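Only one structure is covered here, and it is reproduced in the block below.
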Amino acid sequence: MSVVLHEPGAVEETEVRQVRRGLVRRTLSRRPSAIVGIVLLTVIVLMGLLAPWIAPYGLHEQVGQPFEAPSPAHPLGLDDGGIDMVTLLMWGTRISLLVGFAATAVSILIGGTIGLSAGYFGGKVDTVLMRITDYFIVIPDVPLMIVVAAIWGPSIGHIIIVIGILLWTGTARVLRAQVKSVRERVYIQRARALGASHWRIVGRHVLPQVAPLLIANTVLTVAVAIFDETALSFLGLGDPSAISLGKVIENAFERAAISSGAWWAIVPPGILVALIILSCSLIGGALEDALNPRLRASHLGARSFRLRPLVGRSPESV
Amino acid sequence: MRGADYFIKRVVFAVVTVFVAITINFALFRLAPGSAVANLSRVPHATPETRAALKKEFGLDKSRGEQYVLYLKQLAHGNLGISFANQQPVSSNLRTALKNTIPMVLLGTLFAIIFGTFTGVISAWRRGTATEGMTLGTALTLYAMPTHWLGLMLIIVFAGTLPTGGMSDEFLINPSFTEHMQDLARHIFLPALTLGLVLFGEYTLIVRSAMLETLGEDYILTARAKGLKPWAIMRKHALRNALLPVTTLIALSLGYIVAGAILVETVFSWPGIGRAVYDAVLQRDYPMLQGAFLVLTVSVVFFNLVADLLYFKLDPRITE
Amino acid sequence: MRKTSAALFLLVTLAAGCGGSSSSSQEGGTFKIGTSSRIDSLNPYVAFNQDAYSTFMYIYPFLVQYDKANQKFAPDFAKSWSSSVDGKTWTFKTLSGAKWSDGQPLTAEDAAWTINTDVKYKDGGAANAAGLIAHIKNAEATDPNTLVVHYEAAVGNVLAQFQQLAILPKHIWTQHLGKSGNGLKTWANPAPVVGSGPFKLTKFKKDEIALFERDPSFYGPKPKADGFGLRMFSNDDALVAALKSHEIDSIEEVPPTAINALQKAGFVISDVPGADQTDFIVNSSPNKKSHPELQNPKVREAFDNAIDRKQIVDVVFLGKAKPAASIIAGSSGDWANPSVQPTAFDIDKANSILDGLGYKKGGDGIRVANGSKMSYEVITPTDLSSANRTFQILQPDFRKIGVQLTQKALDSTAAFDAMTAPNGKYANFDLALWDWVGLIDPDFMLSVVTCAQFEGWNDSGFCDKKYDADYSQQQLTPDQAERRDLVWKMQTYLQQKKPYLWLAVLDHVGATSKNWTGLIDSPQGPFNSLSKLSLTSVHQAG
Chain R
394 MSVVLHEPGA
404 VEETEVRQVR
414 RGLVRRTLSR
424 RPSAIVGIVL
434 LTVIVLMGLL
444 APWIAPYGLH
454 EQVGQPFEAP
464 SPAHPLGLDD
474 GGIDMVTLLM
484 WGTRISLLVG
494 FAATAVSILI
504 GGTIGLSAGY
514 FGGKVDTVLM
524 RITDYFIVIP
534 DVPLMIVVAA
544 IWGPSIGHII
554 IVIGILLWTG
564 TARVLRAQVK
574 SVRERVYIQR
584 ARALGASHWR
594 IVGRHVLPQV
604 APLLIANTVL
614 TVAVAIFDET
624 ALSFLGLGDP
634 SAISLGKVIE
644 NAFERAAISS
654 GAWWAIVPPG
664 ILVALIILSC
674 SLIGGALEDA
684 LNPRLRASHL
694 GARSFRLRPL
704 VGRSPESV
Chain C
873 MRGADYFIKR
883 VVFAVVTVFV
893 AITINFALFR
903 LAPGSAVANL
913 SRVPHATPET
923 RAALKKEFGL
933 DKSRGEQYVL
943 YLKQLAHGNL
953 GISFANQQPV
963 SSNLRTALKN
973 TIPMVLLGTL
983 FAIIFGTFTG
993 VISAWRRGTA
1003 TEGMTLGTAL
1013 TLYAMPTHWL
1023 GLMLIIVFAG
1033 TLPTGGMSDE
1043 FLINPSFTEH
1053 MQDLARHIFL
1063 PALTLGLVLF
1073 GEYTLIVRSA
1083 MLETLGEDYI
1093 LTARAKGLKP
1103 WAIMRKHALR
1113 NALLPVTTLI
1123 ALSLGYIVAG
1133 AILVETVFSW
1143 PGIGRAVYDA
1153 VLQRDYPMLQ
1163 GAFLVLTVSV
1173 VFFNLVADLL
1183 YFKLDPRITE
Chain S
7 MRKTSAALFL
17 LVTLAAGCGG
27 SSSSSQEGGT
37 FKIGTSSRID
47 SLNPYVAFNQ
57 DAYSTFMYIY
67 PFLVQYDKAN
77 QKFAPDFAKS
87 WSSSVDGKTW
97 TFKTLSGAKW
107 SDGQPLTAED
117 AAWTINTDVK
127 YKDGGAANAA
137 GLIAHIKNAE
147 ATDPNTLVVH
157 YEAAVGNVLA
167 QFQQLAILPK
177 HIWTQHLGKS
187 GNGLKTWANP
197 APVVGSGPFK
207 LTKFKKDEIA
217 LFERDPSFYG
227 PKPKADGFGL
237 RMFSNDDALV
247 AALKSHEIDS
257 IEEVPPTAIN
267 ALQKAGFVIS
277 DVPGADQTDF
287 IVNSSPNKKS
297 HPELQNPKVR
307 EAFDNAIDRK
317 QIVDVVFLGK
327 AKPAASIIAG
337 SSGDWANPSV
347 QPTAFDIDKA
357 NSILDGLGYK
367 KGGDGIRVAN
377 GSKMSYEVIT
387 PTDLSSANRT
397 FQILQPDFRK
407 IGVQLTQKAL
417 DSTAAFDAMT
427 APNGKYANFD
437 LALWDWVGLI
447 DPDFMLSVVT
457 CAQFEGWNDS
467 GFCDKKYDAD
477 YSQQQLTPDQ
487 AERRDLVWKM
497 QTYLQQKKPY
507 LWLAVLDHVG
517 ATSKNWTGLI
527 DSPQGPFNSL
537 SKLSLTSVHQ
547 AG
């Protein structure tokens, strides 16, 4: 970014650049666990991306008896259809990540737009949008997700939209708070006075300031989205042709894996899901930690300590 | 804003939210594909007359607007409709289900609150040490595990030692009070533990966060400058002030836990409201789904309200 | 021998004589059954689930029941029966001195009342029983032990119908008629239920437990056990774990993946051919306009050849099933036509049939028929647990013959709606996967492909005048041999028309602890709605 306005605003512009350069360093120094998170997530995402090429067997290829025990050829055994577990885990990760990221994208889009608009325009727009957000926050997500998925039908597109539609509230609130504080800054008002359009201001001044927070929020939302997908699949509402990690767990559960002694069909996929959520939480949490004192957005009252309870609520915290 | 004003404002908000939820509920279900009648009339030789009669009985022949008004009227009388599955009032089905869920959820929450607070405090106090790393690590790991998967893991571990399903051994004929209590205890242990462990992770993180914030405050610095011992600071200032937001948080999460119990109850065949939702989904028992969803929403709204009022009581500076 | 030791000796001998030396069975005990199914309602006018009907069999009187082999009819409440020459009047002699569990007398009047109520309200509150009283004008109890039933025409399956009709206590149910009989559907009939059977239902918690105790007032042979219980689980793992830990004594349906483990643990596994068949439905509605090639019998034959039934049996059901071929499964005994056999799995043959029809494969390998791709949507109900794995086997095989299948999973209500759309014309859907659980008497299964069952039980859109005529005929043919021939003819006809491509007929696999014995198996399992024999004879092993 090389916009340099010859006015007091210029100071804050460079500040932004410094914020971002120092962010990574600060994040890592404050919470070294973030490194663990980043490494984990990278490995997992790579595995998911490369699944079609690195998977040892075919996704629908029956290579042995249902629930066959682990062997040198199949280190994690086979599932109830005689399919290699390692292959399933790789493809499952791919699908789970797809759903997680897609749902998050939907959620960030909605939440981001609403939060941005509410914070930037303020006044009536703000009140209306926040009222709507408040209602959505209060309605319990998991039951609503279940109901909508049940009525609408289990397809991967539906699941993505259903999850996304219920997760945006956290992003909206966080973004609104942040945009509000940024808006008060002098250089924004100067730019307005100079006649800059809303788009320009938002694009050039507001967004860069809120981007770090948005990223932190996004990462945390991914964790919740993946959890929600696992939950929906487990309750039988997942798309039967899209075999996510949640579906792998559900298949094993449906076919009495535990009673058959086939722990390999149930334990590994869960561990993988937990690792994804864990790494996202570590990264997101570290980012937030780093941004916290700088942006002084933590004293926002009662709801400031909310984490993202995975038992069924949207992410919202600073 | 004065206390009374705030109180009224929050109550009005709660009422309006419930109303919004009711409307969403209605819209969702009446717009559902797979009409209610199709489900009802899957009887052999159902004549068009039978189907018409059923339609009339459930008011499905009226316009959407009329149905909505009818729905509201029925709600006002506490009539949540008739379950498709057993043709009994939804309200009585739900009442039984809630009765079963609450003890299990309370037990798990209690476990999580006690241990979570303890671990959260330790983790914040011992900032920068190995203890913090350990406690934080455990909390994060537990928090990251999918609830139902954790339940399944516990089943694998405890299979054979503890019952893995149901609320009690129904075949116990005329058990003594102690036998009955023992039986209930053996059955409630695993589901409550599952819920408790997941919440424990979350509460630890919350308490830790709150403690860290408080510990960073100016008045704590002052106390240290004055030479007060760390534990005294903890006791006198930090704990007390950190517990304010924690209390309201817990009140808030209580409302959501009932919803989250769906996963635990499905895994452990616990006959509570979570499983009622799951079964209703499986059987597409729309009246039950509608009723359960409404009950869950109202409970969440209620606990939100409680949390808001609690927080106001504890810290009147907050006016939103 | 001294006096005291003689006395002792006598005592011991006497004791030995009493302690079951005559038979190896022990009296008493509660037989605990576990199931992942449900009793959805205790009201016969509401219930849908098999377990509910099995319950009714044990707590209510029926005129007749099946015999041990589940083929012929044996007495239950009726000790003998006869029909008039024209077949329009049937007379049943019922047992005298019978009582309901609340002490009230059980007579032919209760039977007459039940039948007449069902006839009167068959379009309303008693719709569930409408199929059973088809063609009945009315019934009367000419004396407390004689029931006379008047028919509109001579019916071919009188006894099979009455085998399913539970006789209800008039003095209880008259109070619950409600307005125009609608009360019949809304009364919960809660436990303890007033009935008359080897057992009475004393405790019922929906979705949890149903407890039955021996009914001392029963008119028939007394059960050996003190009682039995049906415990309901919401997942298979909990069910199997409960059996392994001896919380329950028997499982109704063992998940195929757990069979080996249970066998190793020393449980007795029972395996009999069942009545549950999975099917691949081809829309046969005359109203269907799109994809007319699906109506071509040669296309259906090609599809049939592309189904690897052996793999479905092995992978989906772990070998606990057999390839299926007819709408009437083998468990119906003589009613099943033995010449109707499963089609062979032959990809080459399928390909040559489709080649012969001129449906060329496009660049993507999918054939084009009459200008449109042979790409179809297969509707699968989410509550059919075998649907996904079955589809995963069908999809690649159909690809090999140039046909593309995509899966559309819907819950059973939405699925049925999608198949009957629009407005009961069955004009939209292409293909579907589902299953049927047949009875022993073929009438019900044969009815599901009739025009009259559109929007009722019909899920294929099949509507054929010739078939319908045959169907009415078999219903009204009292001569059993003649009826059998007609039923066989209908099966052959359906095999040619192929509204259903039958996939597999499932075995009924149960598991019981070694501590109990004496169960009598059936295609519905040992706890069934066919007769009262099984749980009456079960007893603890000595």
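Residue numbers (the working numbering), protein chains in the order written: chain R, 394 to 711; chain C, 873 to 1192; chain S, 7 to 548.
Glycine is no exception: its CB is placed at the ideal position from the N, C-alpha and C atoms.
None of these values were measured; they are calculated from a predicted model.
Helix, strand or coil: which one does DSSP assign to residue i?
{"i": "T611 (chain R)", "result": "helix"}
{"i": "G516 (chain S)", "result": "strand"}
{"i": "Q459 (chain S)", "result": "helix"}
{"i": "Y72 (chain S)", "result": "strand"}
{"i": "V1136 (chain C)", "result": "helix"}
{"i": "T36 (chain S)", "result": "strand"}
{"i": "D477 (chain R)", "result": "strand"}
{"i": "H453 (chain R)", "result": "coil"}
{"i": "H949 (chain C)", "result": "coil"}
{"i": "L398 (chain R)", "result": "With a pLDDT of 35 at L398 (chain R), under the threshold of 50, the predicted position of this residue should be treated as unreliable, though the coordinate-derived value follows. Looking at L398 (chain R) - three-state DSSP - the assignment turns out to be coil, as it is neither helix nor strand."}
{"i": "V511 (chain S)", "result": "strand"}
{"i": "F323 (chain S)", "result": "coil"}
{"i": "H1101 (chain C)", "result": "A quick correction: the sequence has Lys, not His, at residue 1101 (chain C). Residue state, collapsed to three classes: coil."}
{"i": "A918 (chain C)", "result": "Confidence at A918 (chain C) is low in this model, with a pLDDT of 48, below 50, so its placement is unreliable and no value can be given for it."}
Find the nearest neighbour of residue i within the set the options, judged by alpha-carbon distance.
{"i": "I1105 (chain C)", "options": "C:T1119, C:G1088 and C:V1118", "result": "C:G1088"}
{"i": "V154 (chain S)", "options": "S:Q77, S:Q167 and S:A117", "result": "S:A117"}
{"i": "H545 (chain S)", "options": "S:A133, S:A231, S:Q347 and S:F533", "result": "S:A231"}
{"i": "G369 (chain S)", "options": "S:A80, S:A331, S:I287 and S:V409", "result": "S:V409"}
{"i": "A315 (chain S)", "options": "S:P196, S:L300, S:K326 and S:A350", "result": "The residue asked about is misnamed: residue 315 (chain S) is Arg in this sequence, not Ala. It is S:A350 whose Cα lies nearest to the Cα of R315 (chain S)."}
{"i": "R306 (chain S)", "options": "S:P344, S:T95, S:V321 and S:S290", "result": "S:S290"}
{"i": "Q1162 (chain C)", "options": "C:S955, C:G937, C:D877 and C:V887", "result": "C:S955"}
{"i": "G1025 (chain C)", "options": "R:G677, R:A667 and R:I676", "result": "The question names Gly, but residue 1025 (chain C) is Met in the sequence shown. Of R:G677, R:A667 and R:I676, the residue nearest in Cα terms is R:A667."}
{"i": "S418 (chain S)", "options": "S:Q401, S:K406, S:D389 and S:G444", "result": "S:D389"}
Which same chain residues, not among the five before or five after residue i, have their C-beta less than 6 Å away from its C-beta?
{"i": "S1040 (chain C)", "result": "D1055, L1056 and H1059"}
{"i": "S256 (chain S)", "result": "I39 and T518"}
{"i": "G233 (chain S)", "result": "T36, F218, E219 and R220"}
Please return the same chain residues whose Cβ sits closer than 8 Å to the Cβ of residue i, not counting the five positions on each side in sequence.
{"i": "D3 (chain S)", "result": "Any answer about residue 3 (chain S) is impossible in this case: the structure gives chain S only from 7 up to 548."}
Using a Cβ-Cβ cutoff of less than 7 Å, which residues in the same chain neighbour residue i once the five nearest sequence positions on both sides are dropped?
{"i": "G705 (chain R)", "result": "Bear in mind that the predicted position of G705 (chain R) carries a pLDDT of just 34, short of 50, making it unreliable; the figure below should be weighed with that in mind. Correct list, in chain order: P533, D534 and V535."}
{"i": "I526 (chain S)", "result": "K74, P532, L539, S540 and S543"}
{"i": "N644 (chain R)", "result": "D472 and D473"}
Please give me, in chain order, every unbroken run of the alpha helix (DSSP H) with length at least 4 that falls completely inside the region 214-301 of chain S.
The region 214-301 of chain S contains these whole alpha helix (DSSP H) runs: 242-250 and 265-270.
Are there three or more Cβ pairs, one per stretch, closer than 8 Å when the region 511-519 of chain R is compared with the region 567-581 of chain R?
yes
Give the list of continuous alpha helix (DSSP H) stretches no shorter than 4 residues that lie fully inside the region 104-175 of chain S.
Contiguous alpha helix (DSSP H) elements confined to the region 104-175 of chain S occur at 114-126 and 164-168, taking only those with 4 or more residues.
I want to know whether the region 616-633 of chain R touches the region 517-528 of chain R - three or more CB-CB distances under 8 Å.
no
Determine contact between the region 583-601 of chain R and the region 541-552 of chain R, defined as no fewer than three beta-carbon pairs at a distance below 8 Å.
no
Taking only runs that begin and end inside the region 537-602 of chain R, name each unbroken beta strand (DSSP E) of 3 or more residues, in chain order.
none
Decide if the region 151-171 of chain S is in contact with the region 70-89 of chain S; the criterion is three or more beta carbon pairs, one per stretch, under 8 Å apart.
yes
4-residue-minimum alpha helix (DSSP H) runs that sit fully inside the region 437-486 of chain S, ordered along the chain
Listed in chain order, the alpha helix (DSSP H) elements of length 4 or more contained wholly in the region 437-486 of chain S are 449-453 and 471-481.
At least 3 beta-carbon pairs within less than 8 Å: the region 352-359 of chain S vs the region 462-469 of chain S
no
Are there three or more Cβ pairs, one per stretch, closer than 8 Å when the region 178-193 of chain S is compared with the region 64-71 of chain S?
no
Answer yes if the region 493-503 of chain S comes into contact with the region 328-346 of chain S, meaning at least three C-beta pairs across the two stretches below 8 Å, and no otherwise.
yes
Counting pairs of Cβ atoms below 8 Å between the region 430-442 of chain S and the region 280-298 of chain S, do you hit three or more?
Segments in contact, yes.
Give a yes or no on contact between the region 255-275 of chain S and the region 669-684 of chain R, applying the rule of three or more CB pairs nearer than 8 Å.
Touching, no.
Could you say if the region 993-1009 of chain C and the region 600-617 of chain R meet the contact criterion of at least three C-beta pairs nearer than 8 Å?
no
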